[in-house]
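These notes are about the structure you will find just below.
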Amino acid sequence: MSNGKNLLSGDESVLEKTITGIEGLDEITGGGLPRGRPSLICGAAGCGKTIFAMEFIVHGAEMGEPGVFVSFEETAEDIKKNFISMNPNLNDLIDQNKISMDYIRIERSEIEETGEYDLEGLFIRLGYAIDSIGAKRVVLDTVEALFSGFSAEALLRAELRRLFHWLKSKGVTAVITGESGEKTLTRYGLEEYVADCVILLNNPVVNKITTRNLRIVKYRGSSHGTNEYPFLIGENGITLLPITSVGLNHSAPDIHVSTGIERLDTMLNGNGYYVGSSILVTGSAGTGKSSIAAQFANSTCKKGCKCLYLAFEESPKQIIRNMNSIGIDLRHWVDKGLLKFHATRPTLYGLEIHLVTIYKLINELNPDIVIFDPISNLISVGSPDEVKSMLTRLIDFLKSKQITALSTSLSAMGNIETSVGISSLMDTWINLEAVETNGERNRTIDIIKARGMSHSNQLREFQLTDNGIKIVDIYLGSEGMLTGSARVSQIALEKAQKLEREHEIERKQREIEHKRELMDAQIAEIKSKFETEEKELERIIKQEKLKEKILKKDRIEMAQMRTADKED
Amino acid sequence: MNLDKEECPEFWELRLYVAGQTPKSIEAFSNLKKICETHLEGKYRIEVIDLMENPELAKGDQILAIPTLVRKLPEPVKKIIGTLANEEKVLVGLDIRPACE
Numbered sequence: 084m085s086n087g088k089n090l091l092s093g094d095e096s097v098l099e100k101t102i103t104g105i106e107g108l109d110e111i112t113g114g115g116l117p118r119g120r121p122s123l124i125c126g127a128a129g130c131g132k133t134i135f136a137m138e139f140i141v142h143g144a145e146m147g148e149p150g151v152f153v154s155f156e157e158t159a160e161d162i163k164k165n166f167i168s169m170n171p172n173l174n175d176l177i178d179q180n181k182i183s184m185d186y187i188r189i190e191r192s193e194i195e196e197t198g199e200y201d202l203e204g205l206f207i208r209l210g211y212a213i214d215s216i217g218a219k220r221v222v223l224d225t226v227e228a229l230f231s232g233f234s235a236e237a238l239l240r241a242e243l244r245r246l247f248h249w250l251k252s253k254g255v256t257a258v259i260t261g262e263s264g265e266k267t268l269t270r271y272g273l274e275e276y277v278a279d280c281v282i283l284l285n286n287p288v289v290n291k292i293t294t295r296n297l298r299i300v301k302y303r304g305s306s307h308g309t310n311e312y313p314f315l316i317g318e319n320g321i322t323l324l325p326i327t328s329v330g331l332n333h334s335a336p337d338i339h340v341s342t343g344i345e346r347l348d349t350m351l352n353g354n355g356y357y358v359g360s361s362i363l364v365t366g367s368a369g370t371g372k373s374s375i376a377a378q379f380a381n382s383t384c385k386k387g388c389k390c391l392y393l394a395f396e397e398s399p400k401q402i403i404r405n406m407n408s409i410g411i412d413l414r415h416w417v418d419k420g421l422l423k424f425h426a427t428r429p430t431l432y433g434l435e436i437h438l439v440t441i442y443k444l445i446n447e448l449n450p451d452i453v454i455f456d457p458i459s460n461l462i463s464v465g466s467p468d469e470v471k472s473m474l475t476r477l478i479d480f481l482k483s484k485q486i487t488a489l490s491t492s493l494s495a496m497g498n499i500e501t502s503v504g505i506s507s508l509m510d511t512w513i514n515l516e517a518v519e520t521n522g523e524r525n526r527t528i529d530i531i532k533a534r535g536m537s538h539s540n541q542l543r544e545f546q547l548t549d550n551g552i553k554i555v556d557i558y559l560g561s562e563g564m565l566t567g568s569a570r571v572s573q574i575a576l577e578k579a580q581k582l583e584r585e586h587e588i589e590r591k592q593r594e595i596e597h598k599r600e601l602m603d604a605q606i607a608e609i610k611s612k613f614e615t616e617e618k619e620l621e622r623i624i625k626q627e628k629l630k631e632k633i634l635k636k637d638r639i640e641m642a643q644m645r646t647a648d649k650e651d
Numbered sequence: 006m007n008l009d010k011e012e013c014p015e016f017w018e019l020r021l022y023v024a025g026q027t028p029k030s031i032e033a034f035s036n037l038k039k040i041c042e043t044h045l046e047g048k049y050r051i052e053v054i055d056l057m058e059n060p061e062l063a064k065g066d067q068i069l070a071i072p073t074l075v076r077k078l079p080e081p082v083k084k085i086i087g088t089l090a091n092e093e094k095v096l097v098g099l100d101i102r103p104a105c106e
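Those protein sequence lines, which keep their order, are chains A and B. To convert, note that position 544 of the first sequence is 627 in my numbering; the numbers rise steadily by one, no gaps. To convert, note that position 80 of the second sequence is 85 in my numbering; the numbers rise steadily by one, no gaps.
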């Protein structure tokens, strides 16, 4: 009774209301049924009218408003048996005079009519029951049985009108049930007499799936939710889901939660998903969607946070086993109570009931994250439009509770648009694909969108290893995009080419060195040759000089001998 | 059918449920009295229960309509509602056969 109340209340001061205690109903009626007036609950057989009425009485008794339950169809004992499972305190409440049960048996065959009569006996009986426990609530289930018991219809109608006036004058809040008629709300037109509040229950069967709906047909003097609200009859009675009243005013905190995969965090701005955002993981069969979901669940539980895992395809045991194979131990978290699996076949019941069940589970567990695996399976339950509308409400609801939701969705090979067409509702969209090259299939991961984040726009290769998910860069180069062994071989090839190039450079360098050495040697040789020649030449020069000296000396000696004139 | 051979009941125990001294109650009582005097003289007893005074008694005989005549004896229990204006219907309802007269 929290959200939605603001939307619909506001005139409580005008019309006093009585809280029914039925989960969800008090929200859409803005506080319950009109106090001190009769309300009509109509619907076909098996719609839940009696349960509705009984809950109204039991919750009233628990809240200190005694109630009288008058049944025209079942004995008090039978009704007790039917409802004891829903409320184990029922017998105590009866013993404490907080609930009075009365069975009014009408057997046409036992009654002969002759002359005028009225139903004063019923009034007296009711009045006595009300006064004896000081009842504030009255249920008549179903007063239409009177029509089968008495033949004077005109008289009955007058008496019914009187009855409803009388109930009003007694100041009790009454719930009157009525069977649906063909053209009218009830078979005998009880809605004519009950003008204040009329609630219609139905359970249409669409595609072999039944959905229980509740609609407030009229509620005089009060605003109310006008939609058909789905409801569930569970072990605790009726749960109504006024989820259509969830608006678009949820807050958006700037907190992140890790994806559980380091490289994926990096791809998403380094921090992971936003808390309270919705994440869609699409991919064709076998691309590892569930693994991403499980990894997220695992990392959430590691932090001590709670996770609700809604499985629509595999049994919890199967998921646990499969995730074990990639090194994710989920059983551990289930045992600790941090992880709760809820596995149902989508076709088990209608969309609305799925929604109510999920809503209930979430309210009970209060998880930090919810995983839908796979959300696309829900499409088998309704038309795409219905599924989309249901998921919109679900996502709105989760956002209003700040729960991060990760949904996986199966997409057709090569077609990234999801079959449900819900991608626009999602904040973050991760796409997994299987790329087939060179006779092998490799997985790639990329982020199609991530609202409010500067995410990586590059494809990565996604591997499922014994130690969990591993994301590696794919090969991007002159050969195009390569993954798997092609990537590995390409990398090896490049490595070899690089080595080759390095060798080449080395060789060239050696050559230079060699040439330089050669040059040096040649220089040295020329130099030594020159030196040798130089020495020879110098020696010759010396000899020549000596020769000349000797010659000169000889000439002088000869001159002396001839006693020639001295030359200088 | 051995109804004719059946012994006529010895005694008729009748209960008339009313709610206060309404014209209908008074009419019902006087009609009943007349029928009984005519057909069951000396073999009947009429108990008038005013539910205004004893509302808790309405539950026992499953009384809804007022006035209601209940034939407690002979068994089975039979009920006739209304002012008992039609004598023939009352006789049929109470299963008073001419043989008993």
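Every residue gets a Cβ at the ideal spot worked out from N, C-alpha and C, and that includes glycine.
Buried versus exposed call for residue i [16 or more other C-beta atoms within 10 Å across all chains shown]
i	result
T158 of chain A	exposed
P81 of chain B	exposed
F247 of chain A	buried
H586 of chain A	exposed
H597 of chain A	exposed
K543 of chain A	A quick correction: the sequence has Arg, not Lys, at residue 543 of chain A. Burial call: buried.
A241 of chain A	exposed
Q580 of chain A	exposed
N296 of chain A	buried
F166 of chain A	buried
L91 of chain A	Low per-residue confidence applies at L91 of chain A: pLDDT is 45, beneath 50, and the placement is therefore not dependable enough to give any value.
Q592 of chain A	exposed
E617 of chain A	exposed
D510 of chain A	buried
F155 of chain A	buried
L8 of chain B	With a pLDDT of only 44 at L8 of chain B, under 50, the local geometry of the prediction cannot be trusted, and the value read off the model is given with reservation. With fewer than 16 Cβ atoms within 10 Å of its Cβ, L8 of chain B is classed as exposed.
G560 of chain A	exposed
A104 of chain B	Residue placement at A104 of chain B is flagged as unreliable, the pLDDT there being 49, under the threshold of 50; the coordinate-derived value follows with that caveat. By the 10 Å Cβ count, A104 of chain B comes out exposed.
R622 of chain A	exposed
N174 of chain A	exposed
Sequence-distant residues of the same chain with beta carbon closer than 7 Å to residue i, five excluded per side
i	result
E631 of chain A	none
N642 of chain A	Note that residue 642 of chain A is Ala in the sequence shown, not Asn. Cβ within range, chain order: n/a, list empty.
R244 of chain A	Y276
L547 of chain A	G371, S374 and I409
L283 of chain A	C125, G126, L268, R298 and V300
V358 of chain A	P336, I338, H339, V340, Q485 and T487
V555 of chain A	R543, E544 and Q546
Residues of its chain near residue i, where Cβ-Cβ distance is below 6 Å and the 5 sequence neighbours each way are ignored
i	result
A569 of chain A	T520 and N521
V151 of chain A	S183, A212, I213, A218 and V221
S85 of chain A	Unreliable placement is indicated for S85 of chain A, whose pLDDT of 41 sits below 50; no coordinate value is reported for it.
G433 of chain A	I292 and T294
K443 of chain A	T322
I403 of chain A	L413 and R414
I458 of chain A	S490 and S492
Whole-number beta carbon distance between residue j and residue i, since they are thought to touch under 8 Å
i	j	result
S463 of chain A	T430 of chain A	6 Å
S361 of chain A	A488 of chain A	5 Å
N525 of chain A	G563 of chain A	So it is not a contact: roughly 14 Å between Cβ atoms.
G114 of chain A	K132 of chain A	At roughly 22 Å, the Cβ-Cβ gap does not stay under 8 Å, so G114 of chain A and K132 of chain A are not in contact.
H415 of chain A	L393 of chain A	The Cβ separation is near 20 Å, so there is no contact.
A380 of chain A	I454 of chain A	6 Å
T225 of chain A	G264 of chain A	So it is not a contact: roughly 12 Å between Cβ atoms.
K471 of chain A	I441 of chain A	K471 of chain A to I441 of chain A, Cβ: 16 Å. No contact.
D279 of chain A	A70 of chain B	No, D279 of chain A and A70 of chain B are not in contact; Cβ-Cβ is about 27 Å, not under 8 Å.
T342 of chain A	N514 of chain A	Between N514 of chain A and T342 of chain A the Cβ distance is about 14 Å, and since that is not below 8 Å, they are no contact.
8 Å CB neighbourhood of residue i in its chain, flanking five on each side removed
i	result
L37 of chain B	L19, L21, I51, L74, L89 and V95
Y49 of chain B	F16, W17, E18, L19 and C41
Contact test: residue i Cβ vs the ligand GDP heavy atom, cutoff 6 Å
i	result
A144 of chain A	Judged by which ligands are present, the structure shown has none, so any question about the ligand GDP falls away.
Ignoring anything shorter than 3 residues, give me the beta strand (DSSP E) runs that lie fully in the stretch 107 to 150 of chain A, in order along the chain. List check, beta strand (DSSP E) in window: 121 to 126.
Inside the stretch 409 to 481 of chain A only - alpha helix (DSSP H) runs reaching at least 4 residues | Fully contained in the stretch 409 to 481 of chain A are the following alpha helix (DSSP H) runs of length 4 or more, in chain order: 414 to 419 and 434 to 448.
**Report entry** Any 3 or more C-beta pairs closer than 8 Å across the stretch 120 to 135 of chain A and the stretch 187 to 205 of chain A
**Finding:** Contact between the stretch 120 to 135 of chain A and the stretch 187 to 205 of chain A is absent, because fewer than three Cβ pairs lie under 8 Å.
| said: Using 8 Å as the cut-off, can you tell me whether the stretch 266 to 282 of chain A makes contact with the stretch 397 to 412 of chain A, which would need three or more C-beta pairs spanning the two stretches below that distance? | reply: Remark: fewer than three beta-carbon pairs, one from each stretch, lie closer than 8 Å, so the stretch 266 to 282 of chain A and the stretch 397 to 412 of chain A are not flagged as touching.
Any chance the stretch 167 to 179 of chain A sits against the stretch 60 to 68 of chain B, with 3 or more Cβ pairs inside 8 Å? Verdict: no, contact absent.
3-residue-minimum beta strand (DSSP E) runs that sit fully inside the stretch 174 to 241 of chain A, ordered along the chain: Considered as a whole, the stretch 174 to 241 of chain A harbours 182 to 186, 194 to 196 and 220 to 224 as its complete beta strand (DSSP E) runs of no fewer than 3 residues, in chain order.
- [ ] Just list the beta strand (DSSP E) runs in the stretch 508 to 579 of chain A, keeping only unbroken ones of 3 residues or longer that don't cross its boundaries, in chain order.
- [x] List check, beta strand (DSSP E) in window: 511 to 520, 523 to 533, 543 to 548, 551 to 556, 558 to 560 and 563 to 565.
Report task. Quick one: which unbroken alpha helix (DSSP H) runs of 4-plus residues sit fully inside the stretch 317 to 370 of chain A? Chain order, please. Result -> Uninterrupted alpha helix (DSSP H) stretches at least 4 residues long and entirely within the stretch 317 to 370 of chain A occur at 345 to 350, given in chain order.
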